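Trainee:
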Amino acid sequence: MLPRILPFVLVPALIGAGLAFRRPTPPESEIPHYGPRPATNRIDAIATPASALDAAQLARGQQIYAMLCQACHLPDGQGMMGALPPLARSDFLLADPARAGRTVLHGLSGSITVNGVGYNAAMPALGGMLSDQQVADVLTYVFNSWGNTGPAFTAAQVRAWR
Numbered sequence: 002m003l004p005r006i007l008p009f010v011l012v013p014a015l016i017g018a019g020l021a022f023r024r025p026t027p028p029e030s031e032i033p034h035y036g037p038r039p040a041t042n043r044i045d046a047i048a049t050p051a052s053a054l055d056a057a058q059l060a061r062g063q064q065i066y067a068m069l070c071q072a073c074h075l076p077d078g079q080g081m082m083g084a085l086p087p088l089a090r091s092d093f094l095l096a097d098p099a100r101a102g103r104t105v106l107h108g109l110s111g112s113i114t115v116n117g118v119g120y121n122a123a124m125p126a127l128g129g130m131l132s133d134q135q136v137a138d139v140l141t142y143v144f145n146s147w148g149n150t151g152p153a154f155t156a157a158q159v160r161a162w163r
């Protein structure tokens with residue numbers, strides 16, 4: 002008899018205890034965060050060099066990045082340690098902007114070292130999917146986001162790398 006009554010006694014007791022000890026959720030600013038904060042979608046939060054970059058170009062680049070790049074490199078550009086290289090503060094990326102442009106256009110496979118960590122993954126060629134201006138836009142966005150400080154790219158530069 003006791004096993005049949007137990008759920009009818011236990012469930013209300015647990016619900017009552019839950020209601021008695023519940024606390025309101027604290028504001029976002031009071032919740033501790035561990036690790037990097039999520040990336041924001043606001044264009045004004047992008048770290049840009051002192052020279053004025055074209056906000057429209059950055060916005061277009063951000064959209065392209067969200068559609069084609071962030072699945073691997075993540076919204077915050079951090080990549081996946083040891084699997085997919087970061088773009089944020091990447092010594093490999095920032096050392097040679099032309100190489101970065103050719104990588105977007107023609108892809109890359111094989112071993113590379115980024116910030117002292119080895120990676121051996123393939124990046125698909127995006128040159129067939131993107132216009133010269135679109136490649137310039139996404140490069141400008143990447144080179145001026147997540148602590149990177151780089152140039153604004155032009156369609157003419159990209160055309161020369163094709």
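Last residue of the sequence shown: number 163 in my numbering, and the count goes up by one each step with no gaps. Where is the CB? At the ideal position from N, CA and C, for every residue including glycine. In this text, all values refer to a predicted model and were calculated from it rather than measured experimentally.
1. Which value, in whole angstroms, describes the spacing of the CA atoms of Leu59 and Val115?
2. When the Cα of Gly119 is compared with those of Gly80, Trp162, Gly102, His107, which residue comes out closest?
3. Would you decide whether Asp138 is buried or exposed? Buried here means 16 or more other CB atoms lie within 10 Å of its CB.
4. Could you have a look at Gly111 and say whether DSSP puts it in helix, strand or coil?
5. In terms of alpha-carbon separation, which member of Pro4, Arg5, Ile6, Gln158 lies closest to Arg100?
6. Secondary structure at Gly119, three-state DSSP: helix, strand or coil?
7. Tell me which same chain residues have a C-beta within less than 6 Å of the C-beta of Asn42, skipping the five on either side of it?
8. By alpha-carbon positions, which one of Trp162, Met130, Phe154 ends up nearest to Leu54?
9. Within the region 49–106, note down every full alpha helix (DSSP H) run reaching 4 residues or more, in order along the chain.
10. Among the residues of its own chain, which have a CB less than 7 Å from the CB of Ser91, if the five just before and after it don't count?
11. Report yes if the CB atom of Leu1 is closer than 8 Å to the CB atom of Gly128, and no otherwise.
Mentor: Answer, in terms of the structure:
1. Sequence index remark: in the sequence shown, residue 59 carries index 58 (1-based). Sequence index remark: in the sequence shown, residue 115 carries index 114 (1-based). If you take the alpha carbons of Leu59 and Val115, they lie about 24 Å apart.
2. By 1-based counting over the sequence shown, the position of residue 119 is 118. Taking only the C-alpha atoms, the option nearest Gly119 is Gly80.
3. Within the sequence shown, the letter at position 137 stands for residue 138. It counts as buried.
4. In the sequence shown, residue 111 corresponds to position 110, counting from 1. Looking at Gly111 - three-state DSSP - the assignment turns out to be coil, as it is neither helix nor strand.
5. Counting from 1 along the sequence shown, the entry for residue 100 is found at position 99. The shortest Cα separation from Arg100 among Pro4, Arg5, Ile6, Gln158 belongs to Gln158.
6. Taking the sequence shown and counting its residues from 1, one reaches residue 119 at position 118. In the structure shown, Gly119 sits in a strand (DSSP, three-state: E or B).
7. Start at 1 with the first residue of the sequence shown, and residue 42 comes out as number 41. Bear in mind that a pLDDT of 41 at Asn42, under 50, signals an unreliable position, so the model cannot answer this.
8. In the sequence shown, counting from the first residue as 1, residue 54 sits at position 53. Nearest C-alpha to Leu54: Phe154.
9. 56–69, 71–74, 92–96
10. Taking the sequence shown and counting its residues from 1, the one referred to as residue 91 is at position 90. So the list reads Val115, Asn116, once near-sequence residues are dropped.
11. The requested residue 1 is not part of the displayed model; the chain covers only 2 to 163.
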